[in-house]
Amino acid sequence: MQSIISKGKNVEDAIHIGLNLLGVSKKEVDIEIITQETNGFIGIGKKQAVVRLTVTNELSKNIEVQSHSTSLEDLANTVTAMVEKQDVMNETPVNNHVSSTDLVGKSWVKDQRLYVVDSPSHYSTVTIGKGIQLIKNEEVFSGTSTVITEKDLLEIKLEEPQEEPTKWNVSIDNNKLHATIDVEPGYKIIREVQDVEPNEHIELKVRETKVFSNTLQYKEILEKLDALRVSYGFNHSEIMKSVNTLIPGRFEAATGKNAVAGKDGWIELNVDINPMNGLVEDESGKVNFRETKLIPTVEKGTVIATIHPPIPGKPGITVTNEPLPARQTNPLIARTGKGIIEIENKLVAMESGRPSIEIRGKLVKAAIVPKLIHYDNVNLTSGNIHFIGDVEVLGEVEENMLVEAEGDIFIHKSVSAAKLTTAKSIVVKGNVFGSELESGKNNMLIVELGHLVGNMLVELGKMIAVVKQLMKSPAFKSSDFSVTGLQPLLKILMEKRFRNFLISAKKYQDTVEKSKIYLKEGEWIKVSETINQTFITLSNQITTLDRLATLYQDMKELSNQSEVPVEPNSYITISDTVNSSLYCSGDVTIIGKGSINTKIHAGGIVKVHGVVRGGEVYGRMGIEIDEVGSNSGSKTVVAVPHDQLIKLGRVREGTILKIGNVTETIRNERTHIIARLNQDGQINLT
Numbered sequence: 001m002q003s004i005i006s007k008g009k010n011v012e013d014a015i016h017i018g019l020n021l022l023g024v025s026k027k028e029v030d031i032e033i034i035t036q037e038t039n040g041f042i043g044i045g046k047k048q049a050v051v052r053l054t055v056t057n058e059l060s061k062n063i064e065v066q067s068h069s070t071s072l073e074d075l076a077n078t079v080t081a082m083v084e085k086q087d088v089m090n091e092t093p094v095n096n097h098v099s100s101t102d103l104v105g106k107s108w109v110k111d112q113r114l115y116v117v118d119s120p121s122h123y124s125t126v127t128i129g130k131g132i133q134l135i136k137n138e139e140v141f142s143g144t145s146t147v148i149t150e151k152d153l154l155e156i157k158l159e160e161p162q163e164e165p166t167k168w169n170v171s172i173d174n175n176k177l178h179a180t181i182d183v184e185p186g187y188k189i190i191r192e193v194q195d196v197e198p199n200e201h202i203e204l205k206v207r208e209t210k211v212f213s214n215t216l217q218y219k220e221i222l223e224k225l226d227a228l229r230v231s232y233g234f235n236h237s238e239i240m241k242s243v244n245t246l247i248p249g250r251f252e253a254a255t256g257k258n259a260v261a262g263k264d265g266w267i268e269l270n271v272d273i274n275p276m277n278g279l280v281e282d283e284s285g286k287v288n289f290r291e292t293k294l295i296p297t298v299e300k301g302t303v304i305a306t307i308h309p310p311i312p313g314k315p316g317i318t319v320t321n322e323p324l325p326a327r328q329t330n331p332l333i334a335r336t337g338k339g340i341i342e343i344e345n346k347l348v349a350m351e352s353g354r355p356s357i358e359i360r361g362k363l364v365k366a367a368i369v370p371k372l373i374h375y376d377n378v379n380l381t382s383g384n385i386h387f388i389g390d391v392e393v394l395g396e397v398e399e400n401m402l403v404e405a406e407g408d409i410f411i412h413k414s415v416s417a418a419k420l421t422t423a424k425s426i427v428v429k430g431n432v433f434g435s436e437l438e439s440g441k442n443n444m445l446i447v448e449l450g451h452l453v454g455n456m457l458v459e460l461g462k463m464i465a466v467v468k469q470l471m472k473s474p475a476f477k478s479s480d481f482s483v484t485g486l487q488p489l490l491k492i493l494m495e496k497r498f499r500n501f502l503i504s505a506k507k508y509q510d511t512v513e514k515s516k517i518y519l520k521e522g523e524w525i526k527v528s529e530t531i532n533q534t535f536i537t538l539s540n541q542i543t544t545l546d547r548l549a550t551l552y553q554d555m556k557e558l559s560n561q562s563e564v565p566v567e568p569n570s571y572i573t574i575s576d577t578v579n580s581s582l583y584c585s586g587d588v589t590i591i592g593k594g595s596i597n598t599k600i601h602a603g604g605i606v607k608v609h610g611v612v613r614g615g616e617v618y619g620r621m622g623i624e625i626d627e628v629g630s631n632s633g634s635k636t637v638v639a640v641p642h643d644q645l646i647k648l649g650r651v652r653e654g655t656i657l658k659i660g661n662v663t664e665t666i667r668n669e670r671t672h673i674i675a676r677l678n679q680d681g682q683i684n685l686t
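Taken in order, the sequence shown gives residues 1 to 686; the numbers are from full-length UniProt numbering.
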């Protein structure tokens, strides 16, 4: 009896598939359910149903009757099939442990060929996998599973091998210093049918092998380099690597020679010009007022510094054999003030005193600073002090008095309800009570003016562009602007479109007017006067496009100058302070008892060796305080920019920490903390 084992997603599906394979109806077979289907858990462990279909005896007899009526041609075919079957049994390579009887009713795959041995009681079935064509009796089988017999002419066809060519490219960077080869090797996907052990039901599967190849030729690269005009710095070893590689990569075919940077002009100091903080602590932590560092001085004829000329760089060579110029170097410009002359690139003191050298970008200002010593208190009897050099007061600075200097201010006793202001440093040995101290006023002023100039610069550039466009129109040519100047047109533009320029211009002019005493550089004042004549007041001077262009260039130079940080020569050092205001472009150091209800703003670091109770403390470069906060409820704020740290020895409840725009109030007293912003932008206390 003929039988077949069939599989399906359920019993009905398995029976249906088996009936189609046998070509009979359900009435003509006996059905044996071998395995019921199982669904598993969410698809895991799912199994198909397995049934055995056996043709009934009546149908077998019909088949036998039909076989007796076969023609001679059918008989010949049968004999041929028997011979082929014997050949298969003899020639088919199978495992040594598999006997010939074990192959009956089974099919298998070996060395790309499909074999089958019939069984009188069972048909062998095969499932065709993806990418495989089964040609059965010279016809392509379109289904997924079929019965095969020894009589069938079977052939397996696979998809053609997939090939990708080698991809490559040669490119040159923008500076023409590197010619690179990008290589992506080609490949060929070879497909073979996997060997399958003999079984009643087998599945044909494809095994794919990806073989890489690189068809890039050395000659092709040289031709491409020649087309790109590459003629310098060939790396032949890298080129050879590119033609031999079997993995994607980048190779440098040629390398140019980069230009060697030169050195801008610089200043070499021959003497010490920076006075140390005037207050220091002894080993016990107390302030020893006797141990103060003397302000450095020089004698007449001393060479205080040497101005070195710039050192030019060395040009390079591109891979296209073109010269690559080095960056242009710039000289240092020296401006000598009182008591200093320049001789053969040397700054020489022409009188005795304290040397002052200020470096801002490419500009160096040098002078000998005079010194005023006031032997008594500064009060109504002495009057306010205004001095262009250093000021040393051996007494006190009393209420409502002012000490203003361009150099260092040194107060031996206390300062009460007074004001000290200087472009340099302030040192106070006594208490500071209810007073206002400003150090580095010039630096802060230049930053403020530079911000205003920067805003006006953007607006002025747009204004000039509009004027140029209007000058091309017929209406402009027919008007009398060419005779009267551009001032009427500029007034219209400022009213209609550039109102912000006029606001910034007036603010800039007012700031310069109030701060002329602090502006040593005449350029700021000169620009202020030009802006006033051109945009604010009526002037007989004709405003031309060239005049606007000159003003734009002058403002651009001032804006660039304001962005260059000045050398750190401003600081405030005091013993302690109460109800005061300290504003400094450099560091602020309090080394006595500390600060009570005082506002401190430092462009550098704030260091308080005592306590800070109440008030606000801001340090652009960080804050270090021994103890901060108050039990009395006084609000204390400690603030730094987003990229700085706050270091506190002891912090009391209620203290507010501010880093950037993030604030945090301390809920419980803590010791030895470091506050910073973490990656999430939150304050982290460690």
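For glycine and all other residues, C-beta sits at the position ideal for the given N, C-alpha and C.
Relative to the Cα of S570, the nearest Cα in the group I503, V24, E438 and N532 belongs to E438.
Under the three-state reduction of DSSP, S504 is assigned to helix. Sequence-distant Cβ neighbours of N199 in its own chain, meaning closer than 6 Å and more than five residues away, are K106. Here DSSP, grouped into helix, strand and coil, assigns K338 to coil. For A305, there is no enclosing alpha helix (DSSP H); the enclosing beta strand (DSSP E) has its first and last residue at V303 to H308. The Cβ-Cβ distance between A326 and G339 does not fall below 9 Å. H236 counts as exposed, since fewer than 16 other C-beta atoms from the protein chains shown sit within 10 angstroms of its C-beta. Of the residues I4, A14 and G8, the one whose Cα lies closest to the Cα of L22 is I4. In this structure, the CA atom of V50 is about 14 Å from the CA atom of N39. Here I646 is buried. Its C-beta has 16 or more other C-beta atoms within 10 Å.
A Cβ-Cβ contact shorter than 9 Å links G622 with V640.
Across the structure, T589 and Y583 are spaced so that their CA atoms are roughly 12 Å apart. Across the structure, N258 and V230 are spaced so that their CA atoms are roughly 16 Å apart. Boundaries of the alpha helix (DSSP H) harbouring D13: V11 to L22, taken from the DSSP string. Unbroken beta strand (DSSP E) runs of no fewer than 3 residues, entirely contained in the stretch 159-221, are found at 162-164, 167-172, 178-184, 186-193, 196-199, 201-204 and 206-213, following chain order. The DSSP-derived three-state label of V298 is strand. About 13 Å separates the beta carbons of G18 and Q48, which is beyond the 8 Å limit, so they are not a contact pair. The beta carbon of Y552 sits closer than 6 Å to those of L460, all from its chain and outside the five residues before and after it, given in chain order. Look at E653 here: in three-state DSSP terms it is coil, with no helix or strand label. Rounded to the nearest angstrom, the Cβ distance from L452 to S504 is 5 Å, consistent with a contact under 8 Å. Taking all protein chains shown into account, Y218 has fewer than 16 neighbouring C-beta atoms within 10 Å of its C-beta and is therefore exposed. Residue pairing for P323: DSSP places it in a beta bridge opposite I317. According to DSSP, N431 shares a beta bridge with D576. As computed with DSSP, R250 is found in a beta bridge with D182. Between L449 and S585 the beta-carbon gap is near 14 Å, outside 8 Å, which marks them as no contact.
Of all alpha-carbon atoms in N169, N137 and E163, the one lying nearest the alpha-carbon of L154 is that of N137. Note that the C-beta distance between H178 and E252 is below 9 Å. Going by C-alpha positions, T534 is about 39 Å away from P309. Listed in chain order, the alpha helix (DSSP H) elements of length 4 or more contained wholly in the stretch 581-607 amount to none. A405 sits buried, since 16 or more C-beta atoms from the chains shown fall within 10 Å of its C-beta. Here the stretch 257-271 does not lie against the stretch 186-202, with fewer than 3 beta-carbon pairs under 8 Å apart. Take the alpha-carbon of V196 and the one of V140: they are about 21 Å apart. Here G614 is near T598, since their CB atoms are less than 9 Å apart.
Here L677 is bridged, per DSSP, to I683. Where H642 is concerned, there is no enclosing beta strand (DSSP E), because DSSP gives it neither an H nor an E. Shortest Cα-Cα distance from D272 to any of W108, D408, I357 and I591 involves I357.
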